[in-house]
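K.L.:
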Ligand SMILES: *[C@@H]1O[C@H](CO)[C@@H](O)[C@H](O)[C@H]1NC(C)=O
Ligand SMILES: *[C@@H]1O[C@H](CO)[C@@H](O)[C@H](O)[C@H]1NC(C)=O
Ligand SMILES: *[C@@H]1O[C@H](CO)[C@@H](O)[C@H](O)[C@H]1NC(C)=O
Ligand SMILES: *[C@@H]1O[C@H](CO)[C@@H](O)[C@H](O)[C@H]1NC(C)=O
């Protein structure tokens, strides 16, 4: 108890001194993320990556989903970047608007229905690339899954990539962004940008414009953490020539070839390919979790493959997708308990990050099982961060 009081006293004294350490007093709310002191991103335990925001709770990729993700402890907010007809970048997962918006309700858009080939399959619907940003912004988003609270359906709109970035930059602690360069082949086929620019150019320029740069864990990176993801190896290659920001290669099901250069699962998960990925600035892999712990017909996972061990041997992180709380999405090995699933992937498989629709559940699991260590601080900024951790641990 005495020790606790002692540390509290130290904290209070240091907190009083903190503005002086930072060199200024009251931070402006949104003016400059560089100036105000912010609690840094944690790097001690697997990353909590809020997949499309807190999308288990709010309709995906909305302001509300992202705010909630930040509020409940996500390290990164994740998004899919797609394009509109007029070349604007938006946060939207599908190529068509049909499944998660109210587009069918607008008679003025009834004639926009099209059939296009997307990744070697013909798809019919209302495509984002046939709507201007202004038209897209007039639509409202619905929950993707009927297992989720429908009371937010029809309430929120689609946001731009710029708006998404602003949400992260305006957070009261350092929150990373994890944008996906979505369907680049399709976007480049259907949208034309001035001066012959490509989707990858627009995507990367947006990140650079907002100050995102620097290799994984560099000073610049820690200030504005960024992981760039894509299923398309050629897009990652192009992006690697435009920025030194770290890349993550996403890997689909074993039956799906890559969308751009038609490589098989076996080809892209070989040791040779891991070496190649590493050489173009890829720091991690984002596989579908069922390709690592393959489920059987009875909904039990089988012995996990050596994928994670091989990736780690090549110095590549592994961030599998997607972790979801619903009973219908949990394998029976986990006793229908998402905590048991997180425990298995943390301790038995040893992954480095989780794409989760429920960042709150992952955060609570991690706080419960592996609270962040308060160690000897090396710098003033680090010291303040440790103090913030300590204060958190007293107030929570
Ligand atoms: C905290 O430190 C202990 C002892 O060094 C270590 O076992 C544990 O894994 C650390 N926790 C985290 C979240 O890094
Ligand atoms: C279309 O509008 C009706 C009436 O407001 C609403 O009940 C329905 O959910 C909307 N459809 C979609 C797909 O949002
Ligand atoms: C898509 O439809 C077009 C027109 O009917 C057809 O020519 C093409 O082969 C189809 N593509 C696929 C992948 O089925
Ligand atoms: C893609 O590769 C598969 C073999 O994995 C082959 O059967 C198919 O024809 C290829 N498709 C194209 C469009 O090259």
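Numbering (mature numbering (1 follows the signal peptide of the UniProt record, and there is no 0)), first residue to last: -23 to -1, 1 to 373.
For each residue, glycine too, the CB sits at the ideal point set by N, CA and C.
1. Check whether the Cβ of residue 79 lies closer than 9 angstroms to any Cβ atom in chain C.
2. Using C-beta distances below 6 angstroms, list every residue in its chain close to residue 32, excluding the 5 sequence neighbours before and after it, in chain order.
3. Does any heavy atom of ligand 4 sit closer than 8 angstroms to the C-beta of residue 241?
4. Is there contact between the stretch 72 to 92 and the stretch 353 to 370, where contact requires at least three CB pairs shorter than 8 angstroms?
5. Who pairs with residue 150 in a beta bridge, going by DSSP?
6. So, is residue 1 buried or exposed, given that buried needs 16 or more other C-beta atoms within 10 angstroms?
7. If I'm right that residue 172 touches residue 64 with Cβ under 8 angstroms, what's the distance once you round it to whole angstroms?
8. What does residue 25 pair with, by DSSP beta-bridge criteria?
9. State buried or exposed for residue 271, treating a residue as buried only when at least 16 other CB atoms are found within 10 Å of its CB.
10. Return the residue from the list 21, 17, 14, 16 that minimises the CA-CA distance to residue 329.
11. Near residue -8, what residues of its chain come up, given a Cβ to Cβ distance below 7 angstroms and the 5 sequence neighbours on each side ignored?
12. Within a Cβ cutoff of 6 angstroms, which residues of the same chain sit near residue 426, ignoring the five residues on either side of it in sequence?
13. DSSP on residue 91, reduced to helix/strand/coil?
14. State the DSSP-derived secondary structure class of residue 57, mapped to helix, strand or coil.
15. Which residue wins for smallest C-alpha separation from residue 98, given the options 114, 244, 234?
16. Just checking residue 99 against ligand 3 - is the residue's beta carbon closer than 8 angstroms to any of the ligand's heavy atoms?
17. When the Cα of residue 249 is compared with those of 153, 318, 291, which residue comes out closest?
18. Less than 8 angstroms between C-beta atoms, sequence neighbours within five positions excluded: which residues of the same chain meet that for residue 100?
19. Nearest-angstrom Cα distance between residue 130 and residue 289?
20. Would you call the stretch 116 to 123 in contact with the stretch 35 to 55, where contact means no fewer than 3 C-beta pairs closer than 8 angstroms?
21. Given this structure, state the Cα-to-Cα distance separating residue 393 from residue 62, to the nearest angstrom.
22. Taking 5 angstroms as the limit, tell me which residues put their C-beta closer than that to any heavy atom of ligand 2, in chain order.
23. Can you find the residues in the same chain that come closer than 8 angstroms, C-beta to C-beta, to residue 86, ignoring five residues on each side of it along the sequence?
24. What residue from 324, 144, 138 has the CA that sits closest to residue 285's CA?
25. How is residue 6 classed by DSSP in three states: helix, strand or coil?
26. Just verifying my parser: in three-state terms, what is the DSSP assignment at residue 35?
P.N.:
Considering the structure as presented:
1. Among the protein chains of the structure shown there is no chain C, as only one such chain exists.
2. Counting only Cβ-Cβ distances below 6 angstroms, and skipping sequence neighbours, we find 42, 334.
3. Yes, ligand 4 has a heavy atom inside 8 angstroms of this Cβ.
4. Taking a cut-off of 8 angstroms on C-beta distances, the stretch 72 to 92 does not touch the stretch 353 to 370, as fewer than three cross pairs fall below it.
5. Looking at the DSSP output, residue 150 bridges to 16.
6. Per-residue confidence for residue 1 stands at a pLDDT of 39, beneath the threshold of 50, marking its modelled position as unreliable; the derived number appears in the next sentence. By the neighbour-count criterion, in which a residue is buried when 16 or more other Cβ atoms sit within 10 angstroms of its Cβ, residue 1 is exposed.
7. That pair is no contact at about 11 angstroms.
8. Answer is 331, bridged to residue 25.
9. Classification of residue 271: exposed, given that the 10 Å Cβ count is below 16.
10. Shortest Cα-Cα distance from residue 329 to any of 21, 17, 14, 16 involves 21.
11. Residue confidence is low: residue -8 scores 45 on pLDDT, short of 50, so the model does not pin down where it sits. Its coordinate-derived value is still stated next. Same-chain partners within the cutoff: there are none.
12. This structure cannot speak to residue 426, because the chain is shown only from -23 to 373.
13. Assigned with DSSP and collapsed to three states, residue 91 falls in strand.
14. Of the three classes helix, strand and coil, the one that applies to residue 57 here is strand, per DSSP.
15. Residue 98 has its Cα closest to that of 234, out of 114, 244, 234.
16. At least one heavy atom of ligand 3 is found less than 8 angstroms from the C-beta of residue 99.
17. In terms of CA proximity to residue 249, 291 leads the group 153, 318, 291.
18. Cβ neighbours of residue 100 beyond the five flanking positions: 72, 73, 92, 93, 94.
19. A direct Cα-Cα distance of roughly 41 angstroms separates residue 130 from residue 289.
20. Contact holds: three or more Cβ-Cβ distances are below 8 angstroms.
21. A query on residue 393 cannot be resolved here, the shown segment of the chain reaching from -23 to 373 and no further.
22. Environment of ligand 2, chain-ordered: 79, 82, taking every residue with Cβ within less than 5 angstroms of a heavy atom.
23. Result list for residue 86: 80, 103, 108, 112, in chain order.
24. Taking residue 285 as reference, the option from 324, 144, 138 with the minimal CA-CA separation is 324.
25. Confidence at residue 6 is low in this model, with a pLDDT of 49, below 50, so its placement is unreliable and the value that follows should be read with caution. Here residue 6 sits in coil by DSSP.
26. If DSSP states are grouped into helix, strand and coil, residue 35 belongs with coil.
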